[in-house]
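**Student:** Can you read through this structure? Questions will come right after.
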Amino acid sequence: MRIAFNTLYNLSASRLNRVKQDLLETNTRVATGKKVNVVSDDPVTVAPILNLKTSIASVTQYSANIASGQQWLEGAETALSNVKAQITEAKTTSIAMLNGIITTEDYVSGKDAIEGIRDHILNLANTQVNGRYIFSGTKTNIRSFVPDDEDNPTRMLYQGGDEEFKIKMSESSDVGVGYCGDTVFQTPYVVIDETNNMIDFREDPAGGPGEYGAELTAQIPFGKYYPHELATTLENIMTARSAATGQPEIMNVSQNDATVVVNKYDTLTVPTGALPIQLTYAAASNTWAVANDPGYTPPITVQTLTSDSGGVYLDFDGDLNTDVSVTFDAPVADGYVVSFDITAAAAGGNGAQYSVNYNEGTKKYTIMEQGAPILDNLELMWESGTHSGTSIGSDLGFDVSADLTGPANGSTHVSDEEVEWGIFRTLMELEGYLADKDTEGINRSISRLSVDFDYIGTVLSEVGIKGNRLDVRENIISDLNISYESTKMKLEDADMIQEITRLNQKEFSYNAAMSSTAKVIQMSLLDYI
Amino acid sequence: MSGYRVTLDIAKGALAASQNNLAITGHNVANLSTEGYSRQTASLAVASPMSIGGLQFGRGVTIESVQRQANDLLAERLREQQSILAGDEQGVLYVENLESIFDIQSDNELSAMIGEFWNTWQDLSNNPSGTSERTVVYQYGSQLSERLNIMNEDLAQLEDHMNQEIETGVGQVNGILDKIALLNVEINLAENIGKTANDQRDSRDRLITDLAKLMSINAIDQKNGFITILNDSGYPLVVENQAYPLKGEGGRVYWQTTGGGTIDISDDISSGKISGWLDIKEQEVMKMRTQLDTIAKELIWQVNKVHSQGVGTNYISTEQSGSYTPITTEGGILNTLSYGDKIDYSKDFKMWAKDSGNPPATVSLEVDMAVSDTHLTYVGGAAVSALNKYYFTVTTAGTVGPGADNPVITWEKADHSVDPPGLPGSGGTVTINGSGAGNFVVDGMTFTLDAGYLVAGNTFTVNTDAAGTAAPVNITHDPLQKANSVLDNYMFRVISGGGDVTGVSIANPMVIEWKNSRETQSFTLTDPADLTVDVDGMELTFNSGMFFNNDVFTITTDEHGFQIDDTGSFSIGTSSEWHWTVESFKDQFNAQSTAAGAHVTGYVNLDGSLKFVPDYGYSYAFSDDQAEDCGLMAALGINSFFEGEDASNIKVRGALEFVDYIAAARINGGDSDGMKGDAVLADPALANLTISAANSNNTFRFTENDVSHTVTLTNATYTSQTDFHSLAADIQTQMNAASAVSPPSTYKVIYDEDANRFVISENDGSHLENLEIFWSENAGTASALGFKPLDNVYLPPEGDYGVSENSNAIAISDLQYTDFSMAKWNFTRGRDIYSETVSAHIGGAYQDMISALGVTGSTLKQNVEFGDIVVEQLAQQRDMISGVSIDEEMVKLISYQQSYTAASKLIKTVDEMLQTLMATK
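So the sequence lines, in the order shown, correspond to chains A and B. For the first sequence, position 111 matches number 111 in my numbering, and the numbering has no gaps at all. Just remember that my numbering sits 1000 ahead of the position in the second sequence, which is counted from 1.
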């Protein structure tokens, strides 16, 4: 086949060009260290590479967010552990105050100690991290708690916000790292035990003024109550008591798993002030022994009817019918003792329907009558009632230094102060009891302190769990970071060894091509003619 | 005797032949490197013999012709490939240009910048009160905007540059066409005389190749040596001696007709440099510009929507004007705002205002932004004023139907028989009471309203024609035709020729301009028998209606391209249906603001934007974390982050230079935005609901601020869900009557049609502190009203928030990985430009765009590589036939020399023989 003059030269030129082009490309890859320098180098991997770059930046950002959040949580953790330590100290001091040989000076120094503890806890509640109050919700520029009066504080006021401060720790989750002080330093529930489970009241039916009936007492079952639950329970027991007509009541059951029910009312009339009946179980003979037979009139002897470890049935009038039955949640063990009081046929109420409301906004309780009114007035006997020492009044925010009398339409029986259950109130009440040397009060405070201690413990463990979550997330993030970086490297970075080898190869081919081209283009017939 | 003469003749012929051969060889050698030269060879023939004495004697050699060695078919194939290669090479060149604009290795790489933008919001969320974090957000937002501006500008410049290249290319084409025509004439002349015009043919071939490298053509050989050049679609470019020059304008190529008109042949150019430029310009540059605009538009809207629901370090105490303007005629229809089609009318607008007291007192006000779907029909009657535009606005909301809540409509008219048209004035009010469809009469015209709920602030207009008859606009569309642009808003405006649409004619045409996110075009109506137009893939029919100049209507497209209106139904949003305008919103807002005591007034600026001005000592903020925001403030550009609509004008709003206004927080909306029905509300259409004491469902008790009250509802029967609006109004009236809190209208009760429930909340400006409704005591009422028989508490929010409130900043940074529906554009040369919906997050959409560019780039590069090889091969084949080979020519040279020597020897021999003869005596 004919080879034209031009063919030779053109082909050589274009081949040289191609090799040079390759050389140039390889050189670029070696110089930048990347396989993908412009989009068209590998269009399919460009999008993942760009995506990875953004992901790496995001993940670094989350890391920064988490670091910021961890500071907050550490601050909270330290503060709360210290609070727990302080509460323990308060408890120790209070228990010491119950010792019989305590003197007036001891009371005074005890009160001072409690005041000191209270101040310390106030400081802890106002902890700051980087100049921001961590217990003020999102209002981090406002001090979390201040006393209502600098010199004679009666309560600690929460000034912060009600939303947690959150940080973003991943694409789709935020985690709260700040706290609202009122959910930490105020216990959201109250524990009802024998120190605060009574309410005494009197009703004045419609018609003439001031014709109050007998004192009515309602008893709140032991347990843990949130404010609305407490309102509902109070409502129910007061309504039930008002409706109950002259029936003897079982009071002060000493065991939580025992249920005492009066089956026949009309056989029981009992003098007041009697000792509680005590029943003891003997497993060997599967019988119950009765002690403190209260001496009913007409004088009768209490007998136990067929009874076993599941329940005991008492007959007071000898007609072999159960008058009072005591049942247990589970079969009892040998030596189990239960005691209870049977009170006199109490005077009945007027059958009024009560409504007790807890207002979340104002944090106050309102006790009133609902439905068609049948009462003129209602008297809450905080001060003069039989059980004023163990009444629920102060926990509801009422001023228990005097009875509260007024119309039952909801306008008068409203808490005097905001309801607050928590460590500050407990300590301030304790100071009051120490000043008054009120041992009953001190006892009550000790059980309050346990409740508060448990609650702060719960919050502390929640802080720990959140801190854990952030730590785990931090670890995941550093793993992710490494994995993203390595994927990006795989996609984007040139394999230097390969590229340099290739560079050498191309260089060699280029040199070879140039050398052979030089030889060929020089040959011509003209040299020989 | 004659033998000698013959021999001398033969020798003479031989000498001449050798000399000529040498000349041809010399010509070949001289043109060794000439581009496109085809070697020439002489074709020798035996001279015709003569007979002498019955014997045939040959008479030597003659040169018959000089032939050009060329294969025209091969040349054509080569030319085609060269044309394609030239186009692809230009493509690669410009793609590399584009790649450098979107450089993925630089620090200014856009998807990294977008990612970093979201990160600055996260930094802000970690310390919302920090000034330096706020400043970084502002600065980085500005940098991002500038980068988008620059990219857009670079692309625009590239587009301009390519247009210029195309025009220059067309100029070059015209030059070549002229030269080819001239050569045609020369070749024709030469070949007529019988010669073959070899060199001119070579020249002409070279020119045709140059032409093919510029644009694809068909070259057809004619007899007479002419060649006809046509373009790909058959239009002649050169015929015999006539060249038909093309015109390049605006980046398109036109063929000029004899009548002076032009035909656009750009789409028929399939290869060559011009095709390469057109490909890149139309399929890449324009596409990327539009796609970048779409991405910027989505970024602006999504960030603004979240940002406008938040608040900065404090309420705003200065006046604020919106950065977006509607088309100002007809009160500024909200749909004509750049983002007007994204307003969600099923949600509301909420504003908080506070005074400068310590602690400050706050009030909130909420405007229901629903659009009523009651249909208004014109029944008959001639209006008092012909050629007027009548405006109807609902100033008191209510139900058309039974119930005591009667709506009130205020009307005005503007005289459009003069130019410029008069201002709206001299109107009145109409109260719609009565059951069933309410007829109302205004200025002589009678209208009917369907039963339904009218929302305060809704408005519509009706034009009257020359006879005074009301002629509401009626435009229908073919629901099966999809528009080319999805998720877009088409705004139509009558530019000239306003009047009755059925009265158009050629002498009196109506010109309507339309605009969408990408382009502006117009169409003209001239034939009353044919009022159907094709607009970007949609088919619209103008059935009837009176249009004045500058009247506006809009069409919104959904994600498939089907046309929908405000309420989501498949129809067109004309101003003769209920809608909102900036003016009507301003009036409704002001009415509610006064009633609530907010001390903030709304104004409409001259350019149509909305402005809020607080009284001295008052400040305001928008929305809260419980409110469902309709997006109105984002669409108006108030309390937004970005301004602008696309990549060319995106910018951070100037007012945010005062970085405290950057909205990182949301106002605390309390626990709920009202007491909402939480049980199933039975449909009264299935079983009528009768409220009465007999049914024990007409009373309930509530405590407000701890004081107890009882409410008794009016006895009534409700038969449809629309009637529930009246029931809601009744509940509201009775609760307000029972309430003792001042101001007297404490409560607001509405019936939420979409969620089918009642919502009880506080009215604008009320001082309610807490509300508890005891549904458990009135179970009958509770189930009638769709509430569970449990006591329900509502605590109105106070409008405050902490300095470390960061939910808005977190919400904005969450946008990074949220998927949005966006348009993805398809630009194919020669076909309509259309878009499809894809769901992607903003960074992802950009990355897709870049990948697509990469695919085009790498394909082109491969094409060039391959094309190079093909062209090389074909060139080699051509050279086999037409190329000059030095060795060959040198050998020929020697052989011709020898034959010359041989021929001279012949002469010498004959001469000697003659001498010998002469010498004999």
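Every residue gets a Cβ at the ideal spot worked out from N, C-alpha and C, and that includes glycine.
To the nearest angstrom, how far is the alpha carbon of Pro299(A) from that of Thr327(A)?
**Tutor:** Working through the first sequence from its first residue, we reach residue 299(A) at position 299. Working through the first sequence from its first residue, we reach residue 327(A) at position 327. Note that Pro299(A) scores a pLDDT of 44, beneath 50, so its modelled location is shaky and nothing firm can be said.
**Student:** Using a Cβ-Cβ distance under 8 Å, would Lys1861(B) count as near chain A?
**Tutor:** One-based indexing of the second sequence puts residue 1861(B) at position 861. Interface residue, yes.
**Student:** Check Thr1909(B) in the structure and name its three-state DSSP category.
**Tutor:** Position 909 of the second sequence, counted from the first residue, corresponds to residue 1909(B). Helix, per DSSP.
**Student:** Per DSSP, Ala1663(B) is paired with what?
**Tutor:** Position 663 of the second sequence holds residue 1663(B). Ala1663(B) pairs with nothing; no bridge assigned.
**Student:** What does the Cβ neighbour count give for Val1363(B), buried or exposed, with the cut at 16 atoms within 10 Å?
**Tutor:** Translated into the one-based positions of the second sequence, residue 1363(B) becomes position 363. When all chains shown are included, Val1363(B) counts as buried.
**Student:** Counting along the chain, where does the beta strand (DSSP E) carrying Asn252(A) start and finish?
**Tutor:** As a working mapping, residue 252(A) is identified with position 252 in the first sequence. Segment: none, Asn252(A) is in no beta strand (DSSP E) and carries neither H nor E.
**Student:** For Ile1220(B), count the other beta carbons within 10 Å of its own beta carbon; 16 or more makes it buried, fewer makes it exposed. Which is it?
**Tutor:** As a working mapping, residue 1220(B) is identified with position 220 in the second sequence. Exposed.
**Student:** To the nearest angstrom, how far is it from the Cα of Thr45(A) to the Cα of His1579(B)?
**Tutor:** Translated into positions along the first sequence, residue 45(A) becomes position 45. Translated into positions along the second sequence, residue 1579(B) becomes position 579. Computed Cα separation, rounded: 48 Å.
**Student:** Buried or exposed: where does Asp1123(B) fall if 16 or more other Cβ atoms within 10 Å of its Cβ makes it buried?
**Tutor:** Your numbering for residue 1123(B) matches position 123 in the second sequence. With 16 or more other Cβ atoms within 10 Å, it is buried.
**Student:** Give a yes or no on whether the minimum CB-CB distance between Ile3(A) and chain B is below 8 Å.
**Tutor:** In the first sequence, the residue the question calls residue 3(A) occupies position 3. Yes, Ile3(A) counts as interfacial toward chain B.
**Student:** Taking all protein chains shown into account, decide if Leu279(A) is buried (16 or more other Cβ within 10 angstroms of its Cβ) or exposed.
**Tutor:** For the purposes of this step, residue 279(A) is taken as residue 279 along the first sequence, with counting starting at 1. Burial call: buried.
**Student:** What are the complete beta strand (DSSP E) segments, minimum 3 residues, inside the stretch 1667-1711 of chain B?
**Tutor:** Whole beta strand (DSSP E) segments, 3+ residues: 1689-1691 and 1699-1704.
**Student:** For chain B, is any of its Cβ atoms less than 8 Å away from the one on Pro43(A)?
**Tutor:** Looking up residue 43(A) in the first sequence gives position 43. At least one chain B Cβ lies under 8 Å of Pro43(A).
**Student:** Does any residue of chain A bring its CB to less than 8 Å from the CB of Phe1099(B)?
**Tutor:** The count along the second sequence starts at 1 and reaches residue 1099(B) at position 99. Here residue 1099(B) turns out to be Glu, not Phe, going by the sequence shown. It does; some Cβ of chain A falls within 8 Å.
**Student:** Can you check DSSP and say which residues form a bridge with Asn1474(B)?
**Tutor:** Position 474 of the second sequence, counted from the start, is the residue given in the question as residue 1474(B). Paired residue(s): Ser1544(B).
**Student:** Use the C-beta contact count for Asp471(A): other C-beta atoms within 10 angstroms, 16 or more gives buried, fewer gives exposed.
**Tutor:** In the first sequence, the residue the question calls residue 471(A) occupies position 471. So Asp471(A) counts as exposed.
**Student:** Would the beta-carbon of Leu1387(B) fall within 8 Å of that of Thr1459(B)?
**Tutor:** On the second sequence, residue 1387(B) is found 387 positions in, with the first residue counted as 1. On the second sequence, residue 1459(B) is found 459 positions in, with the first residue counted as 1. No, they are not a contact pair.
**Student:** Against chain B, with Cβ distances strictly below 8 Å, would Val46(A) count as a contact?
**Tutor:** Counting from 1 along the first sequence, the entry for residue 46(A) is found at position 46. It does: the Cβ of Val46(A) has a partner Cβ on chain B nearer than 8 Å.
**Student:** Please state the DSSP three-state secondary structure of Ser388(A).
**Tutor:** Stepping through the first sequence from its first residue, residue 388(A) is reached at position 388. Helix.
**Student:** With a threshold of 8 Å between beta-carbons, can Asn126(A) be considered close to chain B, or not?
**Tutor:** The sequence position of residue 126(A) within the first sequence is 126, counting from 1. It does not; no Cβ of chain B falls within 8 Å.
**Student:** Between Tyr313(A), Ala76(A) and Ala518(A), which lies nearest to Val463(A) when the distance is taken from Cα to Cα?
**Tutor:** Mapped onto the first sequence, residue 463(A) falls at position 463. Comparing Cα positions, the closest option is Ala76(A).
**Student:** Name, please, each residue of chain B whose Cβ falls closer than 9 Å to the Cβ of Thr362(A).
**Tutor:** Mapped onto the first sequence, residue 362(A) falls at position 362. Residues of chain B passing the Cβ test: Asn1705, Asp1706, Glu1769 and Asn1770.
**Student:** Hey, does Asn1806(B) have any beta-carbon neighbour from chain A nearer than 8 Å?
**Tutor:** Here residue 1806(B) refers to the residue found at position 806 when the second sequence is read from its first residue. Yes, Asn1806(B) counts as interfacial toward chain A.
**Student:** So which of Leu1480(B), Phe1547(B), Ile1506(B) and Thr1399(B) has the shortest CA-CA distance to Ala959(B)?
**Tutor:** Nothing about residue 959(B) can be reported from this structure: the residues present for chain B run from 1001 to 1921 only.
**Student:** Can the beta-carbon of Asp1696(B) be found closer than 8 Å to that of Asn1715(B)?
**Tutor:** Counted from its first residue, the second sequence places residue 1696(B) at position 696. Counted from its first residue, the second sequence places residue 1715(B) at position 715. At residue 1696(B) the sequence reads Ser, which differs from the Asp that was named. Not in contact: Ser1696(B) and Asn1715(B) (Cβ atoms no closer than 8 Å).
**Student:** Need the endpoints of the beta strand (DSSP E) that Gly1425(B) sits in, please.
**Tutor:** Numbered from its first residue, the second sequence carries residue 1425(B) at position 425. Where Gly1425(B) is concerned, the enclosing beta strand (DSSP E) stretches over Gly1425 to Thr1431.
**Student:** Check the Cβ-Cβ distances between Val30(A) and every residue of chain B, and say whether any is below 8 Å.
**Tutor:** Residue 30(A) sits at position 30 when you count from the first residue of the first sequence. Not closer than 8 Å to any Cβ of chain B, the Cβ of Val30(A) fails to qualify, so no.
**Student:** Return the bridge partner residues of Met1538(B) from the DSSP annotation.
**Tutor:** Mapped onto the second sequence, residue 1538(B) falls at position 538. Note: Met1538(B) sits in a beta bridge opposite Val1535(B).
**Student:** Contact between the stretch 513-522 of chain A and the stretch 1877-1887 of chain B: three or more CB pairs below 8 Å?
**Tutor:** Contact fails: fewer than three Cβ-Cβ distances are below 8 Å.
**Student:** Going by the DSSP bridge assignment, what does Phe1492(B) pair with across the sheet?
**Tutor:** Residue 1492(B) sits at position 492 when you count from the first residue of the second sequence. Beta-bridge pairing links Phe1492(B) to Trp1514(B) and Phe1553(B).
**Student:** List the endpoints of the continuous alpha helix (DSSP H) containing Lys139(A).
**Tutor:** Numbered from its first residue, the first sequence carries residue 139(A) at position 139. It is not in any alpha helix (DSSP H) - Lys139(A) carries neither H nor E in the DSSP assignment.
**Student:** Rounding to the nearest angstrom, what Cα-Cα distance links Ile1677(B) and Pro1684(B) in this structure?
**Tutor:** Indexing the second sequence from 1 puts residue 1677(B) at position 677. Indexing the second sequence from 1 puts residue 1684(B) at position 684. As written in the sequence, residue 1677(B) is Gly, which differs from the Ile given in the question. Gly1677(B) and Pro1684(B): Cα-Cα distance of roughly 16 Å.
**Student:** Starting from Leu216(A), follow its DSSP beta bridges and name the residues at the other end.
**Tutor:** For the purposes of this step, residue 216(A) is taken as residue 216 along the first sequence, with counting starting at 1. Leu216(A) pairs with Phe201(A).
**Student:** Check Val1400(B) in the structure and name its three-state DSSP category.
**Tutor:** Position 400 of the second sequence, counted from the start, is the residue given in the question as residue 1400(B). Correct three-state label for Val1400(B): strand.
**Student:** Output the boundary residues of the alpha helix (DSSP H) element that contains Ser1275(B).
**Tutor:** Position 275 of the second sequence, counting from 1, holds the residue named residue 1275(B). Lys1273 to Asp1279 is the span of the alpha helix (DSSP H), which, as asked, contains Ser1275(B).
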